[in-house]
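Below is one structure, written out as structure tokens, with a few remarks after it.
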Amino acid sequence: MFQNRQKGFTLVEISIVLVIIGLLLGGVLKGQEIINNAKIKNAVNEFNGITAAIYSYRDRYGALPGDDPEAGTRWTGATSGNGNGQVTHYWWYQNQTTAGWEQGHFWHHLRLSGLVSGPTDGAAATASPTNAFGGFSGVGYYRAYGWPSGPLKICMGGITGKNAEILDRQLDDGKPLSGDLRGGVHPYNAGTETVYDQETTYWLCKRA
Numbered sequence: 408m409f410q411n412r413q414k415g416f417t418l419v420e421i422s423i424v425l426v427i428i429g430l431l432l433g434g435v436l437k438g439q440e441i442i443n444n445a446k447i448k449n450a451v452n453e454f455n456g457i458t459a460a461i462y463s464y465r466d467r468y469g470a471l472p473g474d475d476p477e478a479g480t481r482w483t484g485a486t487s488g489n490g491n492g493q494v495t496h497y498w499w500y501q502n503q504t505t506a507g508w509e510q511g512h513f514w515h516h517l518r519l520s521g522l523v524s525g526p527t528d529g530a531a532a533t534a535s536p537t538n539a540f541g542g543f544s545g546v547g548y549y550r551a552y553g554w555p556s557g558p559l560k561i562c563m564g565g566i567t568g569k570n571a572e573i574l575d576r577q578l579d580d581g582k583p584l585s586g587d588l589r590g591g592v593h594p595y596n597a598g599t600e601t602v603y604d605q606e607t608t609y610w611l612c613k614r615a
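Each residue of the sequence shown is one higher than the last, beginning at 408 in this note's numbering.
Here's what the structure looks like:
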């Protein structure tokens, strides 16, 4: 009778399989790194782009977007601000359009002026945009991480500590509580973090 002999993998074959698995894992990790780097670059561009849009709007219309007292007569459907030189007020609230709150109207004015892209009609016209990391972007004069009420701040949420530190180093000094870009876990307190925890999710606020 013939015996059924099972042939196992040789060391060479196992090595080839392990090399292939390593290459596949390396490709996945490299792809994730490329995607993350793209998000960081997009976030930098968003901070700079919003700042540029604010200055362009002020040069064009003589007022801050959202606070513009003549926006309602300039564009049908727009709500004018009070013209006090501030964009009120809680930057961590999405779509602020309550009476006297100007954050939502800030985005509407910029969209109507063509300085940022986005819808100009309906509820979406005043909605805060989504940032590169999936959180939303807000603006306002309310205090943040060592700043008192003012200056005007551009803020982004949903950013991990790892990416927050990279962004802070690219745009400022890499420290959560100093410079023109600051970060914290809770949007409504002064901030206590002296370094970024890599796994914690942060808000970042940049002086406009």
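For every residue, glycine included, the Cβ atom is placed at its ideal position computed from N, Cα and C.
Item                                                                                                           : Value
6 Å CB neighbourhood of T527 in its chain, flanking five on each side removed                                  : R518 and L519
Endpoints, the beta strand (DSSP E) within which L519 is located                                               : Taken as a continuous stretch (DSSP letters only), L519 belongs to no beta strand (DSSP E), being part of the alpha helix (DSSP H) at Q510 to S520.
Outcome for I566 when other beta-carbon atoms lying within 10 angstroms are tallied against a minimum of 16    : buried
8 Å Cβ cutoff met for R576 and P583                                                                            : no
Which of helix, strand or coil DSSP assigns to R550                                                            : coil
Euclidean distance between Cα positions of Y464 and L471                                                       : 7 Å
G568 burial status per 10 Å Cβ neighbour count (16 or more: buried)                                            : buried
4-residue-minimum alpha helix (DSSP H) runs that sit fully inside the segment 524-609, ordered along the chain : 568-578
Reference Y548, options G492, T601 and E572, closest by Cα                                                     : G492
Per DSSP, cross-strand counterpart(s) of K613                                                                  : I561 and L588
C-alpha gap between Y500 and L522, whole angstroms                                                             : 22 Å
Inter-residue CB distance, P536 and G529 (contact presumed, cutoff 8 Å)                                        : The Cβ separation is near 15 Å, so there is no contact.
K560 to Q439 span [Cα, whole Å]                                                                                : 30 Å
As assigned by DSSP and simplified to three states, the class of T417                                          : coil
Beta carbon of G545 nearer than 8 Å to that of W508                                                            : no
Within 8 Å, strictly: CB atoms of A571 and K446                                                                : no
Short Cβ contact (8 Å threshold) for G564 with T533                                                            : no
For R614 and D580, believed in contact at Cβ under 8 Å, the rounded distance                                   : Not really, about 13 Å apart at Cβ, beyond 8 Å.
Local conformation of S487 per DSSP, three classes                                                             : coil
Residue range of the unbroken alpha helix (DSSP H) whose run includes A478                                     : A478 to R481
Counted within 10 angstroms of its Cβ, other Cβ atoms place H593 as buried (16 or more) or exposed             : exposed
Classification of Y462 by the beta-carbon crowding that lies within 10 angstroms, buried from 16 upward        : exposed
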